[in-house]
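Chains as they are written, first to last, in the UniProt record's numbering: chain A, 1 to 312; chain B, 1 to 312; chain C, 1 to 312; chain D, 1 to 312.
Backbone N, C-alpha and C fix where the C-beta goes; we use that ideal spot for every residue, glycine too.
Note that the coordinates shown come from a computational prediction; the quantities given were computed from them, not determined experimentally.
Single-structure report; data block below.
Protein chains: 4
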Amino acid sequence: MEGTPKRPSNQELLLNEILQEALALPLSGEVANYIPALASVNPNQCGIAVANLDGQVHVAGDADVPFSIQSVSKVFGLALAMLRMGDDLWQRVHMEPSGQAFNSIVQLEWEHGIPRNPFINAGAIVVADTLVSHYSASKNALMSFVRGLADRPEIAVNQDVFLSEKQHGSRNAALAYLMKSFGNIEADVEDALDHYFYQCSIEMSCRDVARSLSFLANRGVQPHSGDTIVSRRDAHRINAIMQTSGMYDQSGEFAFEVGLPAKSGVGGGIVAIVPNYGVICAWSPRLNQYGNSCMGMYMITRLAEKLGLSVY
Amino acid sequence: MEGTPKRPSNQELLLNEILQEALALPLSGEVANYIPALASVNPNQCGIAVANLDGQVHVAGDADVPFSIQSVSKVFGLALAMLRMGDDLWQRVHMEPSGQAFNSIVQLEWEHGIPRNPFINAGAIVVADTLVSHYSASKNALMSFVRGLADRPEIAVNQDVFLSEKQHGSRNAALAYLMKSFGNIEADVEDALDHYFYQCSIEMSCRDVARSLSFLANRGVQPHSGDTIVSRRDAHRINAIMQTSGMYDQSGEFAFEVGLPAKSGVGGGIVAIVPNYGVICAWSPRLNQYGNSCMGMYMITRLAEKLGLSVY
Amino acid sequence: MEGTPKRPSNQELLLNEILQEALALPLSGEVANYIPALASVNPNQCGIAVANLDGQVHVAGDADVPFSIQSVSKVFGLALAMLRMGDDLWQRVHMEPSGQAFNSIVQLEWEHGIPRNPFINAGAIVVADTLVSHYSASKNALMSFVRGLADRPEIAVNQDVFLSEKQHGSRNAALAYLMKSFGNIEADVEDALDHYFYQCSIEMSCRDVARSLSFLANRGVQPHSGDTIVSRRDAHRINAIMQTSGMYDQSGEFAFEVGLPAKSGVGGGIVAIVPNYGVICAWSPRLNQYGNSCMGMYMITRLAEKLGLSVY
Amino acid sequence: MEGTPKRPSNQELLLNEILQEALALPLSGEVANYIPALASVNPNQCGIAVANLDGQVHVAGDADVPFSIQSVSKVFGLALAMLRMGDDLWQRVHMEPSGQAFNSIVQLEWEHGIPRNPFINAGAIVVADTLVSHYSASKNALMSFVRGLADRPEIAVNQDVFLSEKQHGSRNAALAYLMKSFGNIEADVEDALDHYFYQCSIEMSCRDVARSLSFLANRGVQPHSGDTIVSRRDAHRINAIMQTSGMYDQSGEFAFEVGLPAKSGVGGGIVAIVPNYGVICAWSPRLNQYGNSCMGMYMITRLAEKLGLSVY
């Protein structure tokens with residue numbers, strides 16, 4: 001077949017069509033600017049990838065450009081901690097939606113240092129703390145896990161982002177010390193935060209993210225390798241937490257309008273799970289008022305509508 | 001076929017098996033006792049019904065005994081208000097999960113009188129207010145809607161419960177007056193509360209509830225009548241709100257363990273929607289610490305496990 | 001002495017000087033406008049009165065113009081309830097400063113319906129409730145008490161203000177119903193609120209207010225009559241609550257800058273107690289961001305500085 | 001007069017009488033036990049000292065035993081920061097009472113990292129931060145200030161307590177990092193906390209504390225030296241903050257029952273200022289539920305009653 005260009009699949013045609021719609025929208029939103037390393041990204045990049053359960057990945061736009069996955073990393077951290085800790089994890093972090101950002105610190109106070117769920121920062125810091133306590137080298141353990149899932153040993157952390165996160169991490173330090181005062185951080189606060197900021201600084205492409213989390217759409221089994229990553233039950237559980245708590249204070253609206261479990265990061269990435277179908281990852285750096293990618297939201301919403309992907 | 005007893009279906013055998021398991025559990029939980037009319041119910045009653053999309057209803061136990069549907073009525077109120085108001089409704093109530101009960105009143109303060117979602121009391125009172133404002137006789141309108149959905153003109157309100165709710169409704173009055181002070185109650189506070197307490201006092205059986213809400217599992221179309229009750233999109237949306245916010249402060253855990261949209265009431269009823277499959281309603285009066293029926297939770301969880309009903 | 005005009009005292013010269021300074025300030029602040037009846041007052045009025053312990057009252061400006069005393073009435077209500085209830089009152093309302101306005105409703109929630117002190121609205125509503133419960137005609141009882149203290153039977157309620165308060169009282173109703181839900185309102189909520197709004201609508205002049213509260217500067221004994229109104233201990237206690245909680249969220253700053261127990265109202269009146277010296281009442285309708293009279297604050301601050309009146 | 005024992009003054013007789021009353025009370029309260037170094041103190045110690053404006057100090061009981069002054073040190077830190085910073089200090093910390101302990105962290109959130117007053121921990125940490133930023137060696141500067149005020153170069157920090165405070169300081173670290181995230185900590189958080197814990201660990205006797213703060217009862221001038229420590233205005237201001245905010249969540253009650261500016265510490269010390277009269281310091285380690293010394297409260301209350309010391 002040498003010389004014959006690969007014909008785009010129907011799904012790629014659809015992804016490209018939706019990508020063009022997104023790019024044609026009036027520009028809105030702002031790139032995350034709380035750290036310089038994130039603020040300097042080219043804001044006009046936009047990509048989408050869909051990993052199907054047959055192992056194929058369809059893409060459009062900048063789907064192979066690595067971006068800072070930020071809070072999308074909370075899914076990887078959670079999966080690894082569930083594997084390592086079993087149900088004991090749920091003694092230290094709840095699985096309830098959290099209400100508004102404003103309340104995060106008062107809820108910690110009210111609930112004696114137990115975060116509402118693993119996808120708010122406080123909860124992800126507890127998850128990081130369990131990894132630090134249960135692995136001799138938790139950062140390596142997580143990187144191995146992520147690289148294995150994506151089948152891409154090149155995946156790495158952006159050191160500039162990592163250092164910048166640590167320098168601007170006072171609010172997360174406040175959450176961690178408050179939990180420490182309630183006895184819900186076992187390791188040194190500095191070590192738990194170090195792991196947390198490290199995982200936030202991982203860079204992956206849309207293709208990487210969609211492929212690596214395919215097991216969540218497939219009852220725990222990674223389609224391209226056949227490996228069981230987590231139990232069927234735990235795959236369902238991770239999806240459930242993504243559904244109720246994955247999109248910051250727009251989680252309810254996302255369930256309402258799109259109807260898929262999803263997790264977002266301030267790097268502009270959004271991953272959505274379509275049970276028994278596949279995983280979508282969209283990325284574009286401009287964020288709406290809730291911290292979710294404007295174009296990412298648009299593309300996933302359109303794709304779910306067009307293909308009737310809602311779980312409801 | 002006279003003289004031939006109807007043979008139980010396989011599904012009824014399964015429902016009965018699960019019901020027996022539930023009845024054999026160590027007793028736990030307490031009947032709601034904030035009003036005398038609820039406290040006097042026989043606590044050992046237990047029933048379950050599954051309405052399938054072919055119009056059949058399978059039952060076990062006390063599935064035909066009318067009980068006080070309480071907050072399950074919020075689903076009916078919401079559906080009617082969505083029909084009547086369209087998307088304007090969402091200017092007055094949000095669709096985000098609410099965090100803890102403790103915060104309900106401070107969140108109203110913080111968000112200027114806009115409740116987090118229609119399934120917390122404040123949100124349901126706003127929904128009641130829209131019905132009062134848009135219908136000349138909102139209580140009749142709601143009863144007609146419910147009776148029509150269930151195809152059962154006998155469905156009625158328990159007057160003792162209704163009066164008792166009004167007498168013990170100070171906290172709901174506080175929420176309503178706070179919203180009024182922000183301009184988010186249009187009618188007289190007394191009228192909005194009157195409607196709200198009225199709908200809480202409706203009595204229905206498991207069979208009634210399951211049948212009446214079948215359209216939510218069927219993209220908005222009532223299976224037994226073929227009538228389109230709400231749009232496909234609105235059916236999905238109601239399910240989404242049930243998923244994130246329907247089970248009080250156990251909503252996240254229910255999504256996590258069961259994976260179905262559901263709504264609970266302190267009368268001991270729980271309704272769960274299984275998209276493209278049917279509707280389950282379980283009832284038993286003893287409540288756990290979150291206000292959800294202990295045996296009801298058990299039966300729905302077991303049924304979902306055995307039949308693999310999770311949306312994830 | 002007929003025909004001989006009274007010569008102004010030195011104190012009146014000082015009061016006039018300070019009044020002129022206040023009138024010469026750049027205009028700032030806004031008249032309370034949450035009810036029309038208050039918004040229509042002439043905003044440029046300004047008066048001050050000092051009642052000394054020898055029974056003399058020195059005045060300047062509009063010191064004889066009746067104004068809506070609003071929250072200044074909380075001092076009268078409290079004194080009457082302390083007389084009637086004794087120390088039992090303090091089971092139902094605390095005596096601690098309250099922090100910010102924002103928290104008033106969450107603090108009620110957190111402290112199970114017991115208000116922080118009698119000078120926040122929730123606390124004054126509890127005080128009103130005790131009066132309603134302990135007097136067959138609590139409004140008459142309070143009016144008799146106030147008229148007797150001022151030795152002025154003409155003192156009356158402004159009916160327009162009273163009705164207007166009731167119509168715009170949703171937030172106060174929310175507080176009252178929340179306390180009712182905790183069992184801390186004994187009477188009907190409507191009756192407690194009726195008394196509360198009634199006492200807020202009393203009209204008195206600066207001279208009236210200063211004279212009527214002279215007993216607080218004189219260990220409980222009314223100077224002009226020699227009557228013991230409250231015990232020395234209770235006079236001290238009322239002053240203490242005024243010091244920590246009398247000036248809304250500017251109470252700390254007022255103690256810091258002026259050093260006198262005081263109580264303010266949104267009608268523009270401020271009364272300050274100078275132990276063993278006398279009582280100052282200043283009035284002018286324009287309010288600062290905290291709800292305290294701009295010119296009133298200025299005049300009392302200046303007078304306290306010039307005469308060295310701080311209790312510290 | 002050699003050989004003639006000094007006759008106790010009338011005031012010493014009174015102090016001893018009150019001390020005996022306190023010792024005869026049924027034991028109540030618990031020694032602070034959040035750090036081992038404090039928990040090991042002999043709980044039955046009890047002392048009182050009164051420094052009069054003539055320079056004399058009258059004492060009873062263990063008035064010369066050094067104790068951990070803990071939060072009483074906030075008065076020294078505040079006075080030094082007011083001297084060094086002038087009114088700029090009040091841009092970074094307010095002067096309003098704080099409401100309940102529960103709210104401390106949410107109030108910081110709500111008011112963007114500006115603490116309510118310098119006597120809650122968050123406020124004292126900001127004060128510590130200003131000292132760290134304005135002195136090359138802030139801990140030495142504070143020790144010099146305190147030793148000079150007391151005229152006692154021997155005053156020192158208990159190193160065990162200091163290290164123990166640092167090890168158990170997670171909650172204070174949480175407050176500090178939260179303020180840092182709002183830009184209201186200038187130095188490194190670790191340095192501000194180091195200074196803060198250091199000043200809490202100073203040990204002084206009742207006599208030391210009463211003498212050293214005598215300037216607050218004397219319009220800013222230290223009686224025994226004649227030195228002006230702070231302006232008259234600033235002495236009044238410090239007293240005012242002590243009055244509204246010095247006794248934790250019992251500040252209002254203390255103003256109500258005793259009527260004196262005061263500051264308490266969890267080491268069991270309480271200092272009360274009697275303007276134009278003198279300074280009282282009482283100490284005994286057992287604390288009531290608010291963190292105030294049970295016997296200390298008793299002795300100061302009795303003395304104020306017997307001598308009529310209330311400012312009201």
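query: Three or more C-beta pairs below 8 Å linking the segment 246 to 260 of chain D and the segment 26 to 45 of chain D; result: no
query: Those residues which DSSP pairs with A/S264 across a bridge; result: A/I270
query: Among C/F215, C/L287, C/S133, C/D227, nearest to C/I280 - alpha-carbon criterion; result: C/F215
query: Minimum length 4: unbroken alpha helix (DSSP H) runs contained in the segment 141 to 178 of chain A; result: 159 to 167
query: C-beta contact flag for A/N117 and A/H94 at 8 Å; result: yes
query: Close-in-space but distant-in-sequence residues of the same chain around D/A63 (CB under 7 Å, 5 per side omitted); result: G47, I48, A49, S205, C206, R207
query: Residues, ordered as in the chain, of the segment 104 to 126 of chain B that lie near chain C by beta-carbon distance below 7 Å; result: I105, V106, E109
query: Neighbour list for A/L38 in chain D, Cβ cutoff strictly below 7 Å; result: Result: empty, since nearest Cβ-Cβ is about 17 Å, beyond 7 Å.
query: Distance CB(B/G267)-CB(B/S68) smaller than 8 Å; result: yes
query: CB contact below 8 Å: D/E2 versus chain C; result: The predicted model places D/E2 with a pLDDT of 47, which falls under 50 and marks its position as unreliable; any figure quoted below should be read in that light. So, not an interface residue.
query: Range of the contiguous beta strand (DSSP E) that encloses B/E257; result: Taken as a continuous stretch (DSSP letters only), B/E257 belongs to no beta strand (DSSP E), being part of the alpha helix (DSSP H) at 251 to 257.
query: Identity of the residue in A/S310, A/Y312, A/L303, A/L309 nearest A/L15 by Cα; result: A/L303
query: At least 3 beta-carbon pairs within less than 8 Å: the segment 212 to 227 of chain A vs the segment 235 to 248 of chain A; result: yes
query: Members of the segment 173 to 192 of chain B near chain C, C-beta cut-off 7 Å; result: A173, A174, Y177, L178, K180, S181
query: N-terminal and C-terminal residue of the alpha helix (DSSP H) that A/A304 is part of; result: 294 to 307
query: 8 Å contact criterion, which D/S264 and D/S293 should meet: CB distance rounded; result: 7 Å
query: Pairwise C-alpha distance: B/K166 and B/D194; result: 7 Å
query: Terminal residues of the alpha helix (DSSP H) in which A/W283 lies; result: That residue, A/W283, is in no alpha helix (DSSP H); its beta strand (DSSP E) goes 278 to 283.
query: Minimum Cβ-Cβ distance from C/R232 to chain B less than 8 Å; result: no
query: DSSP-derived helix/strand/coil call for residue 313 of chain C; result: Residue 313 of chain C cannot be examined here, being either before or after the span of chain C that is shown, 1 to 312.
query: Interface residues of chain D facing C/T244 [CB-CB closer than 8 Å]; result: P97, Q243, T244, S251, G252, A255
query: 8 Å Cβ cutoff, A/R302 in contact with chain B; result: no
query: Coil, strand or helix - A/L193 by DSSP; result: helix
query: Proximity to B/F119 [Cα-Cα], best of B/V230, B/V132, B/V189, B/V75; result: B/V75
query: Identity of the residue in B/T130, B/K139, B/R7, B/D227 nearest B/K180 by Cα; result: B/T130
query: Chain-order list of residues whose beta-carbon lies under 7 Å from that of B/A176 (same chain, five-residue window excluded); result: I125, I185, V189, A192, L193
query: C-beta contact flag for D/M299 and D/L19 at 8 Å; result: yes
query: Residues bridged to A/E186 [DSSP beta-bridge criterion]; result: DSSP output for A/E186 lists no bridge partner at all.
query: For A/F67, the residue or residues it bridges with in DSSP; result: A/M204
query: Which of helix, strand or coil DSSP assigns to B/L25; result: coil
query: Contact set for B/L287: own chain, Cβ-Cβ below 8 Å, skip 5 residues either direction; result: G29, E30, V31, A32, V266, G268, S293, C294
query: Residues sharing a beta bridge with A/H58, DSSP; result: A/V50
query: Within chain A, the residues that B/N239 reaches when beta carbons sit closer than 7 Å; result: Y312
query: Cross-chain neighbours of D/G259 in chain C, by beta carbon under 7 Å; result: H236, A240
query: Buried/exposed call for B/S9, threshold 16 Cβ in 10 Å; result: exposed
query: From B/S245, B/Q222, B/Y277, B/H168, residue whose alpha carbon lies closest to that of B/P36; result: B/H168
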